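Here is the structure we will look at, set down as structure tokens.
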Amino acid sequence: MTQIENAWGAGPGEGYEALAAPFRPIFAEIAAEAVRRDLERDLPHKAIRLLKEAGFGAVRLPVEAGGKGASLPQFFNLLIELSAADSNITQALRGHFGFAEDILNTKDAARRALWFGRIGRGEIAGNAWSEIGTGAALERFSTNVAEKDGRLVLNGAKYYTTGSFFADWIDVGASNAAGEDVSVAVRREAAGVEVVDDWDGFGQTLTASGTTTFRDVAVAPDDVVIDDDRFKYSAAFYQLVHLATLAGIGRAITADVAKAVAERRRTYTHASAARSSADPQVLQVVGRIRAAAYAAGAVTLQAAASLERAYSAHFVDDAEAEEKANAIAELEAAQAQTVVSDLILDASTLLFDALGASATKKPAGLDRHWRNARTLASHNPRIYKHRIIGDFAVNGTPPPYQWRIGASAG
Numbered sequence: 000m001t002q003i004e005n006a007w008g009a010g011p012g013e014g015y016e017a018l019a020a021p022f023r024p025i026f027a028e029i030a031a032e033a034v035r036r037d038l039e040r041d042l043p044h045k046a047i048r049l050l051k052e053a054g055f056g057a058v059r060l061p062v063e064a065g066g067k068g069a070s071l072p073q074f075f076n077l078l079i080e081l082s083a084a085d086s087n088i089t090q091a092l093r094g095h096f097g098f099a100e101d102i103l104n105t106k107d108a109a110r111r112a113l114w115f116g117r118i119g120r121g122e123i124a125g126n127a128w129s130e131i132g133t134g135a136a137l138e139r140f141s142t143n144v145a146e147k148d149g150r151l152v153l154n155g156a157k158y159y160t161t162g163s164f165f166a167d168w169i170d171v172g173a174s175n176a177a178g179e180d181v182s183v184a185v186r187r188e189a190a191g192v193e194v195v196d197d198w199d200g201f202g203q204t205l206t207a208s209g210t211t212t213f214r215d216v217a218v219a220p221d222d223v224v225i226d227d228d229r230f231k232y233s234a235a236f237y238q239l240v241h242l243a244t245l246a247g248i249g250r251a252i253t254a255d256v257a258k259a260v261a262e263r264r265r266t267y268t269h270a271s272a273a274r275s276s277a278d279p280q281v282l283q284v285v286g287r288i289r290a291a292a293y294a295a296g297a298v299t300l301q302a303a304a305s306l307e308r309a310y311s312a313h314f315v316d317d318a319e320a321e322e323k324a325n326a327i328a329e330l331e332a333a334q335a336q337t338v339v340s341d342l343i344l345d346a347s348t349l350l351f352d353a354l355g356a357s358a359t360k361k362p363a364g365l366d367r368h369w370r371n372a373r374t375l376a377s378h379n380p381r382i383y384k385h386r387i388i389g390d391f392a393v394n395g396t397p398p399p400y401q402w403r404i405g406a407s408a409g
């Protein structure tokens, strides 16, 4: 069924249905095994392989480069659909899509051609930027790339390396000998790379967001890029992947609670109807959940349009206009984050009010929605986003659209 027929609204752009159609059978196959994978902690190797083979990793690339030429609103709507099937998959691919977006923005023709070829062939990249512990400073990465015995080598350790376990390449944040932040691309199977699935969070358990270590990993000079050259709306982009994932979780909650209510036979003597499917109070709960999912998707796509404008501004020779477009994209992403997080966290709890105690049994898998939503909402704390939004509203202060996390010096 189309998005319109499902009452989620028309997809962004006239070509959206044609873009989404080839992927929907894969999404359906992914959804069919989502609960089992979560219960058994079965990492989604097959699901990611199917998406790679279908060209999903290249969906933003131009058609002539082997991609689908999707706009950013179309791309994020696809992520909502994928997340409705299994939010773990979207999260596992988040680093890849951020890397691909950076390649789309580069003005280095040789680098763009190299990576268009790799991504167009189905290769994907994982993410290795976060560092933890007392050595994880705010000012610079402890992971470093330096010359040793006449060659460049990478050394260090990363955590939250989402998607790297499934990837062909790893996009690594590091410091160079000059103390500059750089992005380093290394082969996942390169000598000296070790990826460990030691993520122990209660949500997003299948993303393999664990530890990756690099020990004298050989690096090609062309695969080292100064971080200042990365795409400027990256923070907003990565946040919007989370929001699309949350919106998809909202749709999954809607589907699960609607099915459970339709099939439910148990009721109460003081209920408003003999069957839950005819009980106006229960239907009201289901309606609230569906409306929340609808709103989350609409808000996410509104913010996605601001990213599309930031992307377009990058290719116009007007630095002031580009800076303004990036700041607005970050602000819209922040505004969306505060709303979408609340909507889906509420929905993930509200669903149990439409059902009974049996809904809390592990085999039902309904708890995964809250666990996944809570984990996603814990990234990039929204309390700071509220302050940033308020500062803009009251004082006209532009938001910081490039920032980092680490241990303070104090």
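Letter 263 of the sequence shown, counting from 1, is numbered 262 in the working numbering, and no numbers are missing.
Cβ coordinates follow ideal geometry from the N, Cα and C atoms, glycine included.
Note that this is a predicted model, so its numbers are computed, not measured.
Per DSSP, tryptophan 198 has no beta bridge partner at all. Taking C-alpha positions only, alanine 243 is separated from glutamate 331 by approximately 14 Å. Check the Cα spacing between alanine 234 and each of Tyr400, Pro61, Ala57: the tightest is with Tyr400. Apart from the 5 residues on each side of it in sequence, alanine 270 sits with its Cβ closer than 6 Å to the Cβ of Asp278 in its chain, given in chain order. When the Cα atoms are used, aspartate 352 and glycine 132 turn out to be separated by approximately 40 Å. In the same chain as asparagine 76, and ignoring 5 residues on each side of it, the C-beta atoms closer than 7 Å to its own belong to Gly10, Pro11, Tyr15, Leu300, in chain order. For isoleucine 225, DSSP records a beta bridge to Val181.
Secondary structure at threonine 374: helix, using DSSP grouped into helix, strand and coil.
If you check the CB distance, glycine 162 and glycine 119 do not come in under 8 Å. In the three-state reduction of the DSSP assignment, valine 338 falls in the helix class, which pools H, G and I. For secondary structure counted as the alpha helix (DSSP H) over 4 or more consecutive residues, the segment 281–362 holds these complete runs in sequence order: 318–349. When the beta-carbon positions are compared, alanine 173 and phenylalanine 201 stay at least 8 Å from each other. Taking 8 Å as the cut-off, the Cβ atoms of arginine 287 and leucine 349 count as close.
Contact between valine 194 and valine 185 is absent: CB atoms are separated by about 11 Å, not below the 8 Å threshold. Taking a cut-off of 8 Å on C-beta distances, the segment 227–241 touches the segment 88–103, as three or more cross pairs fall below it. Rounded to whole angstroms, serine 275 and arginine 263 show a C-alpha spacing of 6 Å. Going by C-alpha positions, arginine 308 is about 26 Å away from aspartate 341. Note that the C-beta distance between alanine 207 and leucine 42 is below 8 Å.
In this structure, DSSP gives glutamate 63 a helical state, which the three-state scheme calls helix. Its Cα nearest to that of glutamate 130, the residue Ala156 stands out among Pro397, Val260, Ala156. In this structure, leucine 245 sits near isoleucine 343, with a CB-CB distance shorter than 8 Å.
Going by beta carbons, asparagine 126 and aspartate 170 fall inside the 8 Å limit.
Closest by C-alpha distance to leucine 92, out of Ile123, Ala333, Gly249, Glu80, is Ile123. Where serine 82 is concerned, the enclosing alpha helix (DSSP H) starts and stops at 71–84. Per DSSP, the unbroken alpha helix (DSSP H) holding valine 34 starts and ends at 33–39. Taking 8 Å as the cut-off, the beta carbon of alanine 312 is found closer than this to the beta carbon of alanine 324.
In the displayed model, aspartate 390 falls within a helix according to three-state DSSP. In the displayed model, arginine 150 falls within a strand according to three-state DSSP. Exclusion of the five residues before and after aspartate 226 leaves Gly172, Glu179, Asp180, Val181, Ser182 as the residues of its chain whose Cβ lies within less than 8 Å of its Cβ. Residue pairing by DSSP places arginine 186 opposite Trp168 in a beta bridge.
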